[in-house]
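In full-length UniProt numbering, the protein residues as written are 1 to 262.
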């Protein structure tokens with residue numbers, strides 16, 4: 001039922017626990033598609049400890065995480081795509097939660113549960129006391145909550161026939177994809193926490209040191225947005241980034257983004 005797509009690049013300290021968290025699922029109708037993006041550490045050797053025919057390790061030339069995820073989705077055998085980063089973890093009932101959601105909302109194609117950080121942080125529940133619900137306006141509700149994270153989405157494979165990860169983006173490729181999909185499909189959101197985002201994992205990326213043209217901000221055009229909440233959502237993201245660039249005196253990125261903002 002589920003194809004679990006995991007991009008792998010230099011995660012030798014994490015990948016074993018990540019894979020094990022998938023194998024430990026209470027719902028077992030799955031395959032695991034790991035795309036090795038030419039890891040230079042012992043990630044592949046660590047993978048060899050598993051002897052499970054449901055795990056497929058596919059190697060590709062170093063093309064980045066977006067290309068790895070796109071390749072994994074293309075290789076997937078099942079109709080439902082579940083995404084997971086190579087350094088994060090699922091709780092045992094993660095996939096079972098989505099089975100129940102899919103049965104409850106049979107006409108929907110995009111589902112998301114909730115996650116928690118491995119280190120203490122304040123969490124926001126979008127609708128306290130509600131188990132699951134349809135997100136009426138993704139951009140409006142994203143103003144107050146981080147609704148979607150890679151580790152907690154399940155999407156029908158056919159959705160990726162028209163919307164794929166943008167392989168030009170080094171960072172923010174997930175935000176770019178969620179917003180494009182959210183314009184087309186209603187998202188069913190569960191408040192149930194089923195995944196753990198490991199803040200202490202190795203090689204966590206820092207998008208702030210990059211040329212902003214390599215991020216999703218490159219394609220943001222406020223003048224073309226008809227949804228007022230979509231415009232407000234992106235302006236909030238841009239304003240936060242502008243403040244950061246000003247503090248760090250990264251003026252090339254600052255003025256490039258400022259021209260978009262105004």
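All C-beta atoms in this analysis are idealised placements derived from N, C-alpha and C, irrespective of residue type, glycine included. All values reported here derive from a predicted model rather than from experimental measurement.
query, result
"Simplified DSSP state of residue 207, which is helix, strand or coil", "Low local confidence applies: a pLDDT of 47 at residue 207 is under 50, so the model's placement there is unreliable, with the coordinate-based value given in what follows. Correct three-state label for residue 207: helix."
"Nearest-angstrom Cα separation, counted from residue 83 out to residue 57", "15 Å"
"Residue 62 beta carbon less than 9 Å from that of residue 33", "no"
"Other residues of its chain near residue 169: CB distance less than 7 Å, five sequence neighbours each side excluded", "66, 176, 214, 215 and 216"
"Distance between beta carbons of residue 117 and residue 199, contact taken as under 8 Å", "5 Å"
"Alpha carbon of residue 183 to alpha carbon of residue 41, nearest angstrom", "39 Å"
"Through-space distance from residue 100 to residue 192, alpha-carbon basis", "12 Å"
"Coil, strand or helix - residue 77 by DSSP", "coil"
"Whole-number beta carbon distance between residue 54 and residue 79, since they are thought to touch under 8 Å", "With 8 Å as the limit, residue 79 and residue 54 do not qualify as a contact, their Cβ atoms being about 16 Å apart."
"Endpoints, beta strand (DSSP E) assigned at residue 21", "Note, residue 21: premise wrong, no beta strand (DSSP E); alpha helix (DSSP H) at 15-23."
"Rounded C-alpha distance that separates residue 290 from residue 179", "Only positions 1 to 262 of the chain appear in this structure, which leaves residue 290 out of reach."
"Range covered by the alpha helix (DSSP H) that runs through residue 114", "Careful: residue 114 lies outside any alpha helix (DSSP H), inside the beta strand (DSSP E) at 110-117."
"Secondary structure, beta strand (DSSP E): runs of 3+ residues fully inside the region 122-183", "132-135 and 153-156"
"Proximity below 9 Å, CB of residue 155 to CB of residue 188", "no"
"Where the beta strand (DSSP E) containing residue 31 begins and where it ends", "30-36"
"Exposed unless 16 or more other CB atoms sit within 10 angstroms - verdict on residue 129", "exposed"
"Cβ-heavy atom distance, residue 17 to the ligand ATP, below 8 Å", "Although the ligand ATP was asked about, the structure shown includes no ligands whatsoever."
"Where residue 161 falls, given that 16 or more other Cβ within 10 Å makes a residue buried", "exposed"
"Assigned exposure category for residue 276 - 16 Cβ within 10 Å defines buried", "The requested residue 276 does not occur in the structure, where the chain is confined to residues 1 to 262."
"Opening and closing residue of the alpha helix (DSSP H) in which residue 252 lies", "251-261"
"Anticipated Cβ contact below 8 Å, residue 143 with residue 112, distance rounded", "Not a contact, Cβ separation roughly 16 Å."
"6 Å CB neighbourhood of residue 98 in its chain, flanking five on each side removed", "111 and 154"
"Best match in 94, 103, 109 and 133 for proximity to residue 115 [C-alpha to C-alpha]", "94"
"Paired residues, beta bridge with residue 215 - DSSP", "171"
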